[in-house]
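Residue 117 in full-length UniProt numbering sits at position 117 of the sequence shown, and the numbers go up by one each step.
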Amino acid sequence: MRKSISVAFFSTVATLMILGVAVMGLSQLVLFSRYFAQERFATLDDVSDLAARTAAYVWDGLEEMNGQDKEVGARLENILSKVDLIGQSANVYIFFTDSSGRVALASNSDHLTGQALPAEVLEAVAAGGGEAYHEMGRMDGVFDERFYVSARYIQRAGGPGVYLFVCASGQMLEDFVARFGSNFLLSACLMLVFASALTMVLMRSLTDPLHRISEAAQKFGGGDFSVRVEDVDGDGEIADLARTFNTMAANLQQIDSSRGQFMKSAFPAATFLYAESNSLICIISTFG
């Protein structure tokens, strides 16, 4: 299918603009998501440090949570109250698990499915050597939705270690992405509309002279050497093409005019020579 210069130019510019907007939107989304994740993980690490220090001096007998030891029960209740306070103040969820991955204490268990944490997750947390372990997701079905998770292993003196998990809902990121997407889409649409209008104006200023040159060339091909391209000014390539065309047309018109004048001058002389030659032939024939 043949495309005009206008259609080809607009299609190319529109494609480039759409690709540019898409790349910009994706890059901004990736950067915002990474920044959001880093900010959330930094907050979770701070809360995890506070919760670990709070639980360290009162934690005892995690494996004996049967309620028979009143002192152990009181300490666990103390931990739970402090952990719940920390979680509410930071808008996060905090829970502890034993070495088998079962949740022992939790500030809020609304989003916990009751499933034990996978052994590979516990191994990765323990391998950190006290450093925070980060993950974003459902942790193989432990949560009922996506969460930012900061976990660390707490080694207890004289007893098995425990695992501390501090979590923040990933719904905030999804809400942010939704708001960002709608705002970005609106801004991108407005920008594309404005850019399209500007492109059409520029395209018209570029292609109109070419249309005039094309029409003049068609008349020129039909033998009309008097045609000229008008109203094309400037120092660009199109203006140079128009001036070159006008110069060529003027030269050819001059050549055609000179040829016409020559033919007009040569025709009477040719007629006279033709008549004289016929007379000479008649005389020769008579004497012959």
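Yeah, the Cβ is synthetic: ideal placement off N, Cα and C, and Gly gets one too.
In this text the structure is predicted, and so the values were computed from the model without any measurement.
Nearest-angstrom Cβ-Cβ length linking residue 298 and Ala151, presumed shorter than 8 Å: In the structure displayed, the chain extends from 1 to 288; residue 298 sits before or after that span and is not available.
Within 8 Å, strictly: CB atoms of Ala127 and Ser48: Not closer than 8 Å, so no.
Span of the alpha helix (DSSP H), counted from its first residue to its last, around Thr207: Residues 171 to 221.
For Ser53, the residue or residues it bridges with in DSSP: Checking the displayed sequence, the identity of residue 53 turns out to be Arg instead of Ser. According to DSSP, which records beta bridges pairwise, Arg53 is partnered with nothing at all.
Distance CB(Val193)-CB(Ile213) smaller than 8 Å: Not a contact, by the Cβ cut-off of 8 Å.
Inter-stretch contact at 8 Å, needing at least 3 Cβ pairs: the stretch 168 to 175 / the stretch 16 to 31: The stretch 168 to 175 vs the stretch 16 to 31: no contact.
Status (buried if at least 16 other CB within 10 Å, exposed otherwise) for Val201: Val201 should be labelled exposed.
Identified DSSP bridge partners for Leu106: Position check: residue 106 holds Ala in this sequence, whereas Leu was assumed. Its beta-bridge partners are Phe95.
Outcome for Met1 when other beta-carbon atoms lying within 10 angstroms are tallied against a minimum of 16: Reliability fails at Met1, whose pLDDT of 47 lies under 50, so the model's placement of it is uncertain and no value is given.
Through-space distance from Ala216 to Ser6, alpha-carbon basis: Approximately 19 Å between the Cα atoms of the pair.
Leu26 beta carbon near the ligand PLP (any heavy atom closer than 7 Å): This structure lacks the ligand PLP, and indeed carries no ligand of any kind.
Buried versus exposed, by CB contacts within 10 Å (16 or more), Val125: Of the residues assessed, Val125 falls on the buried side of the cut-off, its CB having 16 or more other CB atoms within 10 angstroms.
Counted within 10 angstroms of its Cβ, other Cβ atoms place Val83 as buried (16 or more) or exposed: Looking at its Cβ environment, which holds 16 or more other Cβ atoms inside 10 Å, Val83 is buried.
Close Cβ partners of Asn66 (< 8 Å) along its chain, the five nearest in sequence each way excluded: Only weak support exists for where Asn66 lies, its pLDDT of 49 falling under 50; the value from the coordinates is given anyway. For Asn66, where only same-chain residues beyond five positions count, there are no Cβ hits under 8 Å.
Limits of the unbroken beta strand (DSSP E) element including Val149: Taken as a continuous stretch (DSSP letters only), the beta strand (DSSP E) holding Val149 covers 147 to 154.
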